[in-house]
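Residue numbers (the numbering used here): 36 to 587.
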Amino acid sequence: MYSLLDLPEEARHKIYMAAGLVSGETIKLEPKGGNALTRRPPLASLRFTYNVLQTCKTVYEEVKTLICAHNTLVVGHEHVESGLEFLRRLSPQQCSVLTHVFVQLHFEASEGSCARYDALEHRPLSMVMSLNSARLSLWQATARHILTNATPQTLALSLICETGVGHTTTAVLQPLNENPGVLRVCELQLGQQRQDKAISAIACETAARARGLSPGLRERPFPLFDLPVEVRRRILEYTGLVAPHKEVYWSAQQGFRIATAASRCGGDSPDPYLHSRCNGVSCMVSKHYTPPSICLQRRSGYSSRCYCWVSPQSIFTVSHALYRKAVQVLYSCNRIVIVPSKGLRSSLSENDRTERLDVSKFITRHMWPDTLRSLRHLEIVFPAIDPECGATTHDPYYLDLCSAIRQLEAHTDVGQLKVVANMTMASSVLQEDSDWIHRQLLLAGGDQSSVFRVHGHLLGPLIGLHCKGQFFVHVEWAWHWCPPTDVFTDETHAEVDSIEANLEKMIMGNEYDSEAAGRTNELPSTWLFDTWDFLEYERLTGHPADNILSDP
Numbered sequence: 036m037y038s039l040l041d042l043p044e045e046a047r048h049k050i051y052m053a054a055g056l057v058s059g060e061t062i063k064l065e066p067k068g069g070n071a072l073t074r075r076p077p078l079a080s081l082r083f084t085y086n087v088l089q090t091c092k093t094v095y096e097e098v099k100t101l102i103c104a105h106n107t108l109v110v111g112h113e114h115v116e117s118g119l120e121f122l123r124r125l126s127p128q129q130c131s132v133l134t135h136v137f138v139q140l141h142f143e144a145s146e147g148s149c150a151r152y153d154a155l156e157h158r159p160l161s162m163v164m165s166l167n168s169a170r171l172s173l174w175q176a177t178a179r180h181i182l183t184n185a186t187p188q189t190l191a192l193s194l195i196c197e198t199g200v201g202h203t204t205t206a207v208l209q210p211l212n213e214n215p216g217v218l219r220v221c222e223l224q225l226g227q228q229r230q231d232k233a234i235s236a237i238a239c240e241t242a243a244r245a246r247g248l249s250p251g252l253r254e255r256p257f258p259l260f261d262l263p264v265e266v267r268r269r270i271l272e273y274t275g276l277v278a279p280h281k282e283v284y285w286s287a288q289q290g291f292r293i294a295t296a297a298s299r300c301g302g303d304s305p306d307p308y309l310h311s312r313c314n315g316v317s318c319m320v321s322k323h324y325t326p327p328s329i330c331l332q333r334r335s336g337y338s339s340r341c342y343c344w345v346s347p348q349s350i351f352t353v354s355h356a357l358y359r360k361a362v363q364v365l366y367s368c369n370r371i372v373i374v375p376s377k378g379l380r381s382s383l384s385e386n387d388r389t390e391r392l393d394v395s396k397f398i399t400r401h402m403w404p405d406t407l408r409s410l411r412h413l414e415i416v417f418p419a420i421d422p423e424c425g426a427t428t429h430d431p432y433y434l435d436l437c438s439a440i441r442q443l444e445a446h447t448d449v450g451q452l453k454v455v456a457n458m459t460m461a462s463s464v465l466q467e468d469s470d471w472i473h474r475q476l477l478l479a480g481g482d483q484s485s486v487f488r489v490h491g492h493l494l495g496p497l498i499g500l501h502c503k504g505q506f507f508v509h510v511e512w513a514w515h516w517c518p519p520t521d522v523f524t525d526e527t528h529a530e531v532d533s534i535e536a537n538l539e540k541m542i543m544g545n546e547y548d549s550e551a552a553g554r555t556n557e558l559p560s561t562w563l564f565d566t567w568d569f570l571e572y573e574r575l576t577g578h579p580a581d582n583i584l585s586d587p
């Protein structure tokens, strides 16, 4: 009678996998009785894996090898010794098929950090883990065993050892430096401080050597301007010049910023709405135990898989030529959102008619005309409108806006420009009176021109964009785009749709159809998504919410 072991090895492996052997999981190496899997696979898969491991020693070793090959093995900070011992006892064959090992060797205590943050990151709050000589020796022996037997360019090793600059770190990294070119991926978190240059340099050099790259590769001058123009541009698009969600915010008071509230990446599973080349401002910390991404924004080290946004400020200081190329990428690849310096809830009242609008300051701040020529998507958030402000075409802010728009027309490729105007009544955003417009329209007998007189007045200078590019108006942004509810019914939304269409035609002409121009594909900006959340928070708690725009 034939048995399973009589079949060819390749056939047996296919049978194991087809029968449901645990694969694609994150397995914590814990003592017996611990919860080894970070999430629960199908029960049938667990049962099969358990039962097949009990068959015989030959099958046990064979299945164990497959488990090592098809899962991520994690040595957690709670059970470092037992986890390292498990890895050290792997056979050379089992080491040769390892694909991802994550080791939390040593954490430093986080000074001044919140308990919630540390708990999510699995950082022990009540003690500082001791990296004594016994644990260090065990790590060195385990690392040498794995790296000596690993198949070159197959294993991804992630190591957290927050020992900073010193002899201990040198000893920890010694096995990696002794085995150059073995690793496919090497991630190192060596300090709990944020972006320490000395620590990050050590991590980068070690990771490069472990992957078979020249340790000093990043220190050499990069001949950017020797490359073809299109290649140079593509390289710059992979820098922080392209912001998370491809959105950059500007106000006269604070300059350029990005929105941080919704801009988080999840390491290997980034938000699909984030720009593929530049994900979030920091790696997402999961509530569930998964190997946390080694995040270069929060800690010091090196990771080739951390796509967190890094401020491109240093790029602008290299040279005049690079500055101009960087500005072109910044303006052409991002939605530039102009927000009021006084905040999203500032209002345009009688007392503000002598002050310049932020959008006017933005347009006129540039020294070179070709800077504006790169602009492709301009979004204007006007201050909340007080219908009693009595605005006229002689107001200083209005004349200034007219002058700025003329400059925009003169120096911008208007045919390639998309302009979005966000406008709201002060009652909607300041007093949360979402039904104000509906009541005013009823009182005015449906006369939109009287209720939205100030809206038309503010948009008047944009009439030079007539029949060029794309132009969209969003009124009552504080509530119009949210899903239909008992308060914001489909009828209410249809009413605002009609108002917006009339305002758009006032600028672009009666033949203009914003839906045909792409309005239906236009998604709200991050600031608008977050504003809904913050307004809802304030409504439920009665406490003011923090500013969603910040400089990380």
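Where is the CB? At the ideal position from N, CA and C, for every residue including glycine.
Just so it is clear, the structure is predicted and the values come from calculations on it, not from any experiment.
With contacts defined by Cβ atoms closer than 8 Å, residue 347 and residue 361 form a contacting pair.
The C-beta separation of residue 337 from residue 235 comes to about 6 Å, placing the pair in contact by the 8 Å criterion. Looking at the backbone, the Cα of residue 499 and that of residue 424 are separated by about 25 Å. Note on the region 428–479: whole alpha helix (DSSP H) runs with a minimum of 4 residues are 431–446, 461–465 and 471–478, in chain order. Per DSSP, residue 280 is not a residue of any beta strand (DSSP E), being assigned neither H nor E. In this structure, residue 534 places its C-beta atom within 8 Å of the C-beta atom of residue 487. Of the residues assessed, residue 106 falls on the buried side of the cut-off, its CB having 16 or more other CB atoms within 10 angstroms. Taking a C-beta distance under 8 Å as the contact criterion, residue 64 and residue 108 qualify as a contact pair. For residue 354, the secondary structure class from DSSP, reduced to helix, strand or coil, is coil.
The three-state reading of DSSP puts residue 197 in coil, since its state is none of H, G, I, E or B. When the beta-carbon positions are compared, residue 400 and residue 452 stay at least 8 Å from each other. The beta carbon of residue 491 lies closer than 8 Å to those of 484, 538 and 541 in the same chain, with the five residues before and after it left out. Pairing residue 286 with residue 418 gives a Cβ-Cβ distance that is not under 8 Å. Contact between the region 339–354 and the region 425–442 is not established, with fewer than three Cβ pairs separated by less than 8 Å.
Scanning the region 85–137 for uninterrupted alpha helix (DSSP H) segments of 4 residues or longer gives 92–105, 115–123 and 127–131, listed from N- to C-terminal end. DSSP, reduced to helix, strand and coil, places residue 499 within a helical segment of the structure shown. Contact check for residue 557 against residue 506 fails: the beta carbons are separated by 8 Å or more.
Just so you know, the alpha carbons of residue 278 and residue 344 end up roughly 7 Å apart. According to the DSSP assignment, residue 397 belongs to the alpha helix (DSSP H) that extends over 393–399. Residue 117 and residue 89 have their alpha carbons spaced roughly 21 Å apart. DSSP, read as helix, strand or coil, puts residue 380 in coil.
When the five nearest sequence neighbours on each side are left out, the beta carbons in the same chain lying within less than 8 Å of the beta carbon of residue 497 are those of 440, 454, 456, 506 and 542, in order along the chain.
Residue 247 counts as exposed, since fewer than 16 other C-beta atoms from the protein chains shown sit within 10 angstroms of its C-beta. Under DSSP, residue 286 takes part in a beta bridge, and its partners are 290. Residue 251 sits in coil when the DSSP states are folded into three classes, being neither helix nor strand.
By alpha-carbon distance to residue 392, the top candidate from 380, 407 and 373 is 373.
Leaving aside the five residues that flank residue 224 on each side, the residues in its chain whose CB is nearer than 6 Å to its CB run, in chain order, 195, 329, 334 and 336. Here residue 531 carries a helix assignment [DSSP, helix/strand/coil].
When DSSP states are grouped into helix, strand and coil, residue 481 belongs to the coil group. DSSP lists 456 as the beta-bridge partner residues of residue 508.
Under the 10 Å beta carbon count, residue 448 is surrounded by fewer than 16 other beta carbons and is classified as exposed. A straight line joining the alpha-carbon of residue 466 with that of residue 563 spans about 18 Å. Closest option to residue 396, judged by alpha-carbon separation, among 288, 274, 430 and 80: 288.
The three-state secondary structure of residue 274, taken from DSSP, is coil.
The beta-bridge partner set that DSSP reports for residue 372 consists of 284 and 414. When the Cα atoms are used, residue 76 and residue 462 turn out to be separated by approximately 52 Å.
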